[in-house]
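> In the working numbering, the protein residues as written are 953 to 1009. Virtual Cβ for every residue (Gly too), placed ideally from N, Cα, C. Just passing along the structure, written as structure tokens.
See the structure below:
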């Protein structure tokens, strides 16, 4: 097992687990999202990852 901090959506879509601490950084962050990330409307990662996953279908 490894922990990687990544912003590349092609790398993110290939992982088994995603830990997002957000929805934003600094004082607007700090909330661990433990759901299907593409269904979380406040998640920026989920928003962009959903588009990448849908384009790959």
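Do you know whose CA, among 970, 956 and 979, lies nearest residue 992's CA?
Numbered from its first residue, the chain shown carries residue 992 at position 40. With distances taken between Cα atoms, residue 992 lies closest to 970.
> With a CB to CB cut of under 7 Å and the five nearest residues on each side skipped, what residues in its chain are close to residue 961?
To locate residue 961, count along the chain shown from 1; it is residue 9. If we look at residue 961 and ignore the five residues flanking it on each side, its Cβ neighbours are 1000, 1001 and 1004.
> Throw me the rounded Cβ distance for the residue 972 and residue 989 pair, which I believe falls under 8 Å.
As a first step, residue 972 is located in the chain shown; it is residue number 20 there, counting from the start. As a first step, residue 989 is located in the chain shown; it is residue number 37 there, counting from the start. About 6 Å; that satisfies the 8 Å criterion.
> With 16 as the cutoff for other CB atoms within 10 Å, does residue 998 come out buried or exposed?
If you number the chain shown from 1, residue 998 lands on position 46. Buried, since its Cβ has 16 or more Cβ neighbours within 10 Å.
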